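Participant: Before anything else, here's the structure in question.
Numbering (the working numbering), first residue to last: 2 to 1121.
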C-alpha cells in the first residue's frame, strides 16, 4: 500500500485508535514535531523514535475539524504535489484534509462537531428533522402507482390490448369497449392510493408540527419539530416526546438526573436513568449555555441504540474542560421524559435518527391472493395463445396468418377478464368498510385496503410483549413466607400484623427496644411478616417525588410527605409495584436521596436509615443488594433480592424455596427471593475497606468487586418470596388459544429481559402448562452455538426462549439450521431483540417457510417488524400511535385480533376466491361461445357479440349479482369464533387452487358449448336469432349460477338478481341493432331459451346436491 512520510507539527488533540476515548488512554495534546506515515486509508502511524521515545502507539484522527484542522497546513503545503498524485485529484486548500480523507474512501456518514446553540457552525450538511412514512412524493406518485400496476402481467396485458386498437388492421370494435374498463380500473387504484397517501401525510404532519421550546440569545422561542436543526438547544418538558437525538446538558431535578421511558424505542419497560454533562449541569441557569464556548464531538450516525461514543469540550475555561460522553448522556428521539424538565443539544436529525435508522422503508405490499390471481391470468393467457394458434392452424396458416393470429388473440381476449381487477378492488373496499363498521371490534382502522385477504391465511403471528400482550402495569399478587402465603384476598392480615408490631413497639419502654443478643426466642408470625415487609420497603432503587397538585405546592408537599402529591420513580415498574404494596400495608417510603431513606409507619413515625452501599441489579448477577444502618438502633443490615436461580445458593438451607418458586412461576408471576444478613460494625468496616480497595483496582476491577461482594453473600436468612404480575391485556389468553387452535404459530419478539419475557409467556399461556421450555444459553461464537443447537435438537415439543445476542450468533453461522428447528417449536420467545432483529426474523420466516406472517406491535420499535411482515397490525398503545400509524390494520386491543382473523380474514379470502373464479367463469363462458361460433363459421375472426352487448354483459347485466358474492358467508361470525379450526382449512389455500380453477374452467366450457350449440341447433332462419337466443340464455345462466354459488342469502343479493334481470328485459327495447325485438316476444323464443338454460344449469344443481349429501364440507355440519 502506498504511503507518504511527512513531518507533522501537532497542535491538536489526537485520540487513540483503539478506543476513541481521550479519557481512557490520555489524549496527545500540545505542539510536537514528529514523523508520521500517512496511509491510503486515512490513518497515520508515528514513526518509531521520532519523538525520542519508545515506538509510538497508533493514533487516528476521528474528525477533521476537531483533530486535524488547519494545523496540518504546514505539511499540506509542502506535500501538495505528492498528495495530489497520491489521491488522484485536486485538493482544496480550505478543507484540504477533509477532501483528502474523502477521496481516500472516508465518505458519509462521518463524525461531527456540534457547537452548542450555534447550528450555523456546521462542518457538513445535515438532513431536516422530518418524519416521513409516505411511499411516494408529489413527483413520484403517478409514475410510482402506474409502475406498480403495470409491472404485473394482468394489467400490462390489458394496456397492450387497448393500445392495439389504435392499429386499423387489428381493430375489432369501438375504442371505448377497451379503454373505458381499463381507465376505470386505473382510476379506482389511483384514487385509493391517493387517499392513503393523503392520510399518511396528515399523520406525519401532525408529528412534524409538534411544538418545542428552543433556547436562543433572544430567550426561549417556539419551534416546530420539523424545523429543529443540529446544534439547537431544546427544552423538553416532562411527558413530552424527545423530537431528535440529543446530548443531555441540564435537568431541573435536584438529584441531577432524569428518567426516560424508552419502550417506544427498544421495547423495554424499565425506565432508564440519564445523566447530564457535569460541566453544564453546574451552570447557574440554562441561559448560560449560550454564554460558554463549547462543542460536542460525536460519532457518525449508526443504528446502535445501546451505545454511544463522544466527547464534550468547553474551550473558554482555564484549563479547557473535556468530558467523555456515553449512552448515559443521550436522549434518543422517540423516548419520553419521565421526570423533570431537560435541556439538550441536538446531535442527529431526520433520517440520521437512531429510531429512523432502525426502521425499514415502507413498501407497497402485494397480497399472496393477488399473486395467485396473477398466476392464473398467465395460465389463461397461455390458453388464449393456444386457442388462437389452433384456429389459425385449422386454416392451414393461409394468407397473412400472423395478422389473423393477432385478430384471434384480440377476439378471445375476454378469456382474461378486465372486470376481474375491478371486482376484486371494489371487493377489498367493501371488506375494509365491513371491518371498520364491526361493532364488536370498535376503533379498528384499515390503513391498507389492498390486502384484507392476507388476514385469512396467516401461519405465523409475531407479537411484541410490552403494551401489546401486557398493559405494562405491575400488580403485587403474592407474599410467601414458607409456612404461610398471602394473596390479594388476605393482604388485610399483613396490614394487621404490621400495625400490631408498631403499636407494640410504641407501647414498649425505650430500654426494651431492639432485640437482646443473649436470648433467642421463637419469633411470632407478626415479626416474620414485619421483617419481610421492611426488607421489601428498603431493598430497591425507588425514589419518591413530590409534585404540586394545585392545592399543595411542591416544597410544602415534600416537607410534609403529602401522600396525594407523591409519585414513585424507578428504572423498573416491578420495584414500584413492590414499594406501592408496602405502602398499602402500612410501611410507606416517603423520602430518599443518595445517602439516606425514610419510611413512615402506620403510627406516622418516621424511620430513618442511612444507605451505606448499593449493589445494583445486572443481567449477569440477576440480583440487587443494599446495606443500610437503622439510625434509631445503629444496626447494620444487608438486604438482598434476586432471581431464585442465584438466590438458592446464597440463602440458608431450606426445603420449600425451589418448590414454591416453581408453583408461583407456573402462575405467570415474576418471583423474587428476599433475604437479609445482620452485620456487626467491625464486619462492615472490614468489608468496606476491601470493597474500596477492589474499586480502585486497575486490572480485573469488576471481577475483584464481585468477589468482595460475594464474601457477604453467604448463609443469608431467607425472609420471603414475592410474586408480581404484569397485567395482561383483556382476553389475551383466550385470543392466543384461539389463534393456536386455528393453526397459527405465535412468536413473541420483545426488547425486554429474558426472565420478564418468560414469565409473560407462561402467564399469557403462550407456553402451555404441559410444555417444556428450552432457554437457549448465551453463546458468543460458532462452536458454542453449534453445541447449543445440538442440545436443542434433542428436545421435542418444546418452546424456545432465546436472547437477541445468541440469536445474532446463530443466524450468522447456522441460519438454516436454527430457523428449521425454531419453526418446529410450538412457540418461540425472542427477548432483548433490537428493532432490526425483529424485522430480520420476519424476513427469514417468509423466506424459509414461504408462509404468510402477521406482525403485531404498539411501539415505535415494532414499526420495522410491522412493515416487513405480510400483514402488519398496530395496537394503539398508551405511548403513542407510531406503530398503529405504520401498520396495515390498527386495533385498540389485542383481543380484537381474533375476530379480525377468524371472521373478517376468513370471509375476505373466501369471498374473493369465489368472486375471482366466478368472474373468470363468466368470461370463459363467452369466450367458449366465441370459439364455437368461429369454428362453425369456417374459423372466421368475426366477433359474436359487438358494441354494447359485450360491455353490458360484464357490467349492468351481471355485475351486481356477481359482485354480491362479497356479502356471502358460509358460517355465522359466532360459529367462526367458536370453531377456529375452520380457519386452519384456509392455510392450505383450497378456496383458490389449481383444482378449483380447473373445475370452473370445465364448467365454463360445458355451459358455453351447451348454450352456443343449443342456439345453433334451435334457430330457424336468421342469424340475429342466434344472437338473441344465445345471449339471453347466457344472461339467465349467469344469474342462476350466482344463485347456485351463494351459501347464505342476503337481501341485497335478491335485489341484485331481480334488478339485473329487469335491466336486461328493459334494455331489449333499445338493442334492436343486435336483437330482433319482435322475435323475443314469441313463444318460440321463450321455450328455446328455457330449454338451453335448463340443460346448462340443471346438471350442476344436481351435482351440488349430491356433493352436499355425500361429501359435505366441514362447515356444513355447523350450519345445519
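Just so it is clear, CB atoms sit at the ideal spot from N, CA and C, and this is done for glycine as well. These figures come from a predicted structure and were not determined experimentally.
Following the continuous alpha helix (DSSP H) through residue 1006, name the residue where it begins and the one where it ends.
Facilitator: Within the chain shown, residue 1006 is the residue found at index 1005, counting from 1. Per DSSP, residue 1006 belongs to the alpha helix (DSSP H) from 995-1019.
Participant: The beta strand (DSSP E) spanning residue 1060 covers which residue range?
Facilitator: Counted from its first residue, the chain shown places residue 1060 at position 1059. No beta strand (DSSP E) holds residue 1060; the alpha helix (DSSP H) holding it covers 1052-1068.
Participant: List the whole-angstrom C-beta distance separating residue 467 from residue 537, where the pair is believed to meet the contact cut-off of C-beta under 8 angstroms.
Facilitator: Mapped onto the chain shown, residue 467 falls at position 466. Mapped onto the chain shown, residue 537 falls at position 536. Going by Cβ atoms, the distance from residue 467 to residue 537 rounds to 24 angstroms, so no, they are not a contact pair.
Participant: Would DSSP call residue 278 helix, strand or coil?
Facilitator: Here residue 278 is taken as the residue at index 277 of the chain shown, counted from 1. The answer is coil: DSSP assigns residue 278 none of H, G, I, E or B.
Participant: Please determine if the segment 668-687 and the segment 719-735 are in contact, where contact requires at least 3 C-beta pairs separated by less than 8 angstroms.
Facilitator: Cβ pair count under 8 angstroms is three or more, so yes.
Participant: Given this structure, state the Cα-to-Cα distance separating residue 1036 from residue 137, to the nearest angstrom.
Facilitator: For this step, residue 1036 is matched to residue 1035 along the chain shown. For this step, residue 137 is matched to residue 136 along the chain shown. Spanning the two alpha carbons is a distance of roughly 43 angstroms.
Participant: Locate the alpha helix (DSSP H) running through residue 429, then write down its first and last residues.
Facilitator: Taking the first residue of the chain shown as 1, we reach residue 429 at position 428. Here the alpha helix (DSSP H) through residue 429 covers 420-438.
Participant: According to DSSP, is residue 897 helix, strand or coil?
Facilitator: In the chain shown, residue 897 corresponds to position 896, counting from 1. Helix at residue 897.
Participant: Please work out which residues of its chain come closer than 7 angstroms, Cβ to Cβ, to residue 296, disregarding the five sequence neighbours upstream and downstream, and give them in chain order.
Facilitator: The residue given as residue 296 occupies position 295 in the chain shown. Excluding sequence neighbours, residue 296 sits near 114, 115, 116, 117, 314.
Participant: Opposite residue 495 in the DSSP bridges: which residues?
Facilitator: Sequence index remark: in the chain shown, residue 495 carries index 494 (1-based). Answer by DSSP bridge pairing: none, since residue 495 is not bridged.
Participant: With which residues is residue 246 paired in a DSSP beta bridge?
Facilitator: As a first step, residue 246 must be located in the chain shown, where it is residue number 245. For residue 246, which the question treats as bridged, DSSP gives the partners 349.
Participant: Would you identify the three-state DSSP class for residue 721, choosing helix, strand or coil?
Facilitator: Taking the chain shown and counting its residues from 1, one reaches residue 721 at position 720. Three-state DSSP puts residue 721 in a strand.
Participant: Considering only C-alpha positions, which residue in the set 312, 288, 831 is nearest to residue 278?
Facilitator: What you label residue 278 is simply residue 277 of the chain shown in a count that begins at 1. For residue 278, the nearest C-alpha among the options comes from 312.
Participant: Suppose contacts are defined by Cβ-Cβ distances below 8 angstroms. Is residue 900 in contact with residue 967 by that definition?
Facilitator: Translated into the one-based positions of the chain shown, residue 900 becomes position 899. Translated into the one-based positions of the chain shown, residue 967 becomes position 966. Their beta carbons are not under 8 angstroms apart, which means residue 900 does not touch residue 967 by this criterion.
Participant: Between which two residues does the beta strand (DSSP E) carrying residue 876 extend?
Facilitator: On the chain shown, position 875 is the one that residue 876 refers to. From DSSP, the beta strand (DSSP E) with residue 876 extends over 872-876.
Participant: Going by beta-carbon coordinates alone, are residue 806 and residue 845 separated by less than 8 angstroms?
Facilitator: In the chain shown, residue 806 corresponds to position 805, counting from 1. In the chain shown, residue 845 corresponds to position 844, counting from 1. No, the Cβ-Cβ distance between residue 806 and residue 845 is not below 8 angstroms.
Participant: Over the uninterrupted alpha helix (DSSP H) stretch that includes residue 909, give me the two end residues.
Facilitator: Along the chain shown, read from residue 1 onward, the residue named residue 909 stands at position 908. Where residue 909 is concerned, the enclosing alpha helix (DSSP H) stretches over 907-937.
Participant: Find the nearest neighbour of residue 761 within the set 500, 956, 470, judged by alpha-carbon distance.
Facilitator: Counted from its first residue, the chain shown places residue 761 at position 760. Nearest C-alpha to residue 761: 470.
Participant: Could you give the residue range of the alpha helix (DSSP H) that holds residue 764?
Facilitator: On the chain shown, residue 764 is found 763 positions in, with the first residue counted as 1. From DSSP, the alpha helix (DSSP H) with residue 764 extends over 755-764.
Participant: Are residue 370 and residue 388 touching if we call contact CB-CB under 8 angstroms?
Facilitator: For the purposes of this step, residue 370 is taken as residue 369 along the chain shown, with counting starting at 1. For the purposes of this step, residue 388 is taken as residue 387 along the chain shown, with counting starting at 1. Against a cut-off of 8 angstroms, the Cβ pair of residue 388 and residue 370 comes out as no contact.
Participant: How is residue 1107 classed by DSSP in three states: helix, strand or coil?
Facilitator: Sequence index remark: in the chain shown, residue 1107 carries index 1106 (1-based). In the structure shown, residue 1107 sits in a helix (DSSP, three-state: H, G or I).
Participant: What do you get for residue 643, buried or exposed, if any count of 16 or more other CB atoms within 10 angstroms of its CB means buried?
Facilitator: Residue mapping note: residue 643 aligns to position 642 of the chain shown, counting from 1. Buried.
Participant: Can you give me the C-alpha to C-alpha distance between residue 453 and residue 834, rounded to a whole angstrom?
Facilitator: Along the chain shown, read from residue 1 onward, the residue named residue 453 stands at position 452. Along the chain shown, read from residue 1 onward, the residue named residue 834 stands at position 833. When rounded, the distance between both Cα atoms is 29 angstroms.
Participant: Are the CB atoms of residue 445 and residue 368 within a distance shorter than 8 angstroms?
Facilitator: For this step, residue 368 is matched to residue 367 along the chain shown. For this step, residue 445 is matched to residue 444 along the chain shown. Result no, Cβ atoms of residue 368 and residue 445 do not sit closer than 8 angstroms.
Participant: Relative to the C-alpha of residue 602, which residue among 590, 283, 195, 594 is closest?
Facilitator: Numbered from 1 along the chain shown, position 601 holds the residue referred to as residue 602. Of the listed residues, the one whose Cα sits closest to residue 602 is 590.
Participant: So the candidates are 653, 770, 175, 1065; which of them puts its Cα closest to the Cα of residue 957?
Facilitator: By one-based count along the chain shown, residue 957 stands at place 956. When each option's Cα is compared against that of residue 957, the closest is 1065.
Participant: Pick helix, strand or coil for residue 794, following the three-state DSSP scheme.
Facilitator: Along the chain shown, read from residue 1 onward, the residue named residue 794 stands at position 793. Reduced to three states, the DSSP call for residue 794 is helix.
Participant: Decide if residue 690 is buried, meaning its Cβ has at least 16 other Cβ atoms within 10 Å, or exposed.
Facilitator: For this step, residue 690 is matched to residue 689 along the chain shown. Looking at its Cβ environment, which holds fewer than 16 other Cβ atoms inside 10 Å, residue 690 is exposed.
Participant: Exposed or buried, residue 355, counting other C-beta atoms within 10 Å across all chains shown (16 or more means buried)?
Facilitator: Translated into positions along the chain shown, residue 355 becomes position 354. Per the 10 Å Cβ criterion, buried.
Participant: On the criterion of 16 or more Cβ atoms from any shown chain inside 10 Å, does residue 330 qualify as buried, or is it exposed?
Facilitator: Taking the first residue of the chain shown as position 1, residue 330 is located at position 329. Under this definition residue 330 is a buried residue.
Participant: Measure the CB-CB distance between residue 959 and residue 1097 and report whether it falls below 8 angstroms.
Facilitator: Taking the first residue of the chain shown as position 1, residue 959 is located at position 958. Taking the first residue of the chain shown as position 1, residue 1097 is located at position 1096. No.
Participant: Please name the residue or residues paired with residue 328 in a DSSP beta bridge.
Facilitator: Position 327 of the chain shown, counted from the first residue, corresponds to residue 328. Its beta-bridge partners do not exist; DSSP assigns none.
Participant: Terminal residues of the continuous alpha helix (DSSP H) containing residue 188?
Facilitator: As a first step, residue 188 is located in the chain shown; it is residue number 187 there, counting from the start. 177-209 is the span of the alpha helix (DSSP H), which, as asked, contains residue 188.
Participant: How is the alpha helix (DSSP H) around residue 902 delimited, first residue to last?
Facilitator: On the chain shown, position 901 is the one that residue 902 refers to. Where residue 902 is concerned, there is no enclosing alpha helix (DSSP H), given that its DSSP letter is neither H nor E.
Participant: At which residues does the alpha helix (DSSP H) containing residue 957 begin and terminate?
Facilitator: Position 956 of the chain shown, counting from 1, holds the residue named residue 957. Segment: none, residue 957 is in no alpha helix (DSSP H) and carries neither H nor E.
Participant: Please report the distance separating the alpha-carbon of residue 432 from that of residue 969.
Facilitator: Position 431 of the chain shown, counting from 1, holds the residue named residue 432. Position 968 of the chain shown, counting from 1, holds the residue named residue 969. Cα to Cα, the separation comes out at about 12 angstroms.
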